[in-house]
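What follows is a short report on a single structure.
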Amino acid sequence: MAPAALRLPDPRVAQFPLPFASNGPQIFVHEGARQALERRFTAAFSRPIQLAITDNRRRMVTYAEAGGTLRLRLHMMFLGAPDEVLDALVSYVREDAREASQRLGEFIQANRHRIRASRTVQGPLRTRGRVHDLVEILAGVNDRYFGSSVTDVLITWGRRSRPRQGRRSAIKLGSYSAAERLIRIHPALDQDWVPRYFVSYVVFHELLHHLFPGELRRGRVILHSAEFLRREAEFRHYTRALEWERKHLARLLGAK
Ligand SMILES: [Zn+2]
């Protein structure tokens, strides 16, 4: 079997500059999810599989044979892929089936927003507020909860471009754009009566969105999965932050 690669249908993506540091770990993969997928492929191919999850910008699927082992490299978007997509992946690798390749192409197109920095950031980033410095806060959260290993996310004061519905009020105070890999924190939080731990909480929440890109369940993307909520509750001032928010929401809304 020859090494093969399924590329993004649209090569224009490669023309965008990458505005992030490229050293250090780029992605966080749930090891249990990776192993489950590896087991599934081992069964489907009836031979040893080595599965690596990547954050590749252009090659979404690559495979190569090495000493009886099939080495499969998949973009992280496949971790939450529905069964039919995983079946298509098996057919694609096994017999390079045209139909399977088309099905995979559609899935990749539909998940393009999960490909690293597919869109350049619009406008300048403003991190130093009147009261709170977002670079400092992000660095603190990154150090405390992730051993400073998150190197590929940007942050700015700003309002999200598109309103979303059905989200909790705290979340409107922050947003995460996967296409830009950018966290936006609402300027209403840049006031001296807003405690730093609360800004840290909102930053932490959005950073979790960066690290857990949502799970696909019955065709719907679940942003706040059980795993997400479990991780969120690990925030040191979690209860205190929720309480502060409840007490000050009206004032925050007035400040917008
Ligand atoms: Zn959220």
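The numbering of the sequence shown is the numbering used here, which starts it at 611 and goes up by one. Cβ atoms here follow ideal geometry from the backbone N, Cα and C, with glycine treated the same way. All values derive from a computational prediction rather than experimental measurement.
(message) Assuming the contact rule is C-beta atoms closer than 8 Å, arginine 830 and arginine 794 should be a hit. Round their C-beta distance to whole Å, please.
(response) Taking the sequence shown and counting its residues from 1, the one referred to as residue 830 is at position 220. Taking the sequence shown and counting its residues from 1, the one referred to as residue 794 is at position 184. About 24 Å; that fails the 8 Å criterion.
(request) Within 10 angstroms of the Cβ of glycine 634, are there 16 or more other Cβ atoms? Answer buried if so, exposed if not. (result) Residue mapping note: residue 634 aligns to position 24 of the sequence shown, counting from 1. Caution applies to glycine 634, whose pLDDT of 34 falls short of 50 and renders its modelled position unreliable; the model cannot decide the point.
(message) Taking only three categories from DSSP, how would you classify glycine 784?
(response) As a working mapping, residue 784 is identified with position 174 in the sequence shown. Three-state result, glycine 784: strand.
(request) Along the alpha helix (DSSP H) that carries alanine 836, what are the first and last residues, could you check? (result) Within the sequence shown, numbered from 1, the residue matching residue 836 stands at position 226. Note, alanine 836: alpha helix (DSSP H), 836-842.
(message) If I measure Cβ to Cβ from tyrosine 848 and keep anything under 6 Å in the same chain, skipping five residues before and after, which residues do I get?
(response) Translated into positions along the sequence shown, residue 848 becomes position 238. Counting only Cβ-Cβ distances below 6 Å, and skipping sequence neighbours, we find nothing.
(request) Whole angstroms is fine: what's the gap from leucine 821's alpha carbon to leucine 689's? (result) As a position in the sequence shown, residue 821 is number 211, starting the count at 1. As a position in the sequence shown, residue 689 is number 79, starting the count at 1. So the two alpha carbons sit approximately 13 Å from each other.
(request) Indicate whether valine 751 and leucine 817 have their beta-carbon atoms separated by less than 8 Å. (result) Here residue 751 corresponds to residue number 141 of the sequence shown, with the count starting at 1. Here residue 817 corresponds to residue number 207 of the sequence shown, with the count starting at 1. Cβ atoms of valine 751 and leucine 817: closer than 8 Å.
(message) Considering only heavy atoms of ligand 1, does any lie closer than 7 Å to the CB of histidine 815?
(response) The residue labelled residue 815 in the question sits at position 205 within the sequence shown. Histidine 815 Cβ: within cutoff of ligand 1.
(message) Please return the same chain residues whose Cβ sits closer than 6 Å to the Cβ of phenylalanine 808, not counting the five positions on each side in sequence.
(response) If you number the sequence shown from 1, residue 808 lands on position 198. Taken in chain order, the residues that qualify are Ala851, Trp854.
(message) Rounded to whole angstroms, what is the Cα-Cα separation between glycine 776 and glutamate 675?
(response) Taking the first residue of the sequence shown as position 1, residue 776 is located at position 166. Taking the first residue of the sequence shown as position 1, residue 675 is located at position 65. Per-residue confidence for glycine 776 stands at a pLDDT of 47, beneath the threshold of 50, marking its modelled position as unreliable; the derived number appears in the next sentence. Going from the Cα of glycine 776 to the Cα of glutamate 675 covers about 47 Å.
(request) Name the two residues that bound the continuous alpha helix (DSSP H) containing leucine 696. (result) Looking up residue 696 in the sequence shown gives position 86. Counting along the chain, the alpha helix (DSSP H) containing leucine 696 begins and ends at 693-705.
(message) Using CA atoms only, rank isn't needed, just tell me which of Val760, Pro658, Leu696 is closest to threonine 679.
(response) The residue labelled residue 679 in the question sits at position 69 within the sequence shown. Comparing Cα-Cα distances from threonine 679 to each of Val760, Pro658, Leu696, the minimum goes to Pro658.
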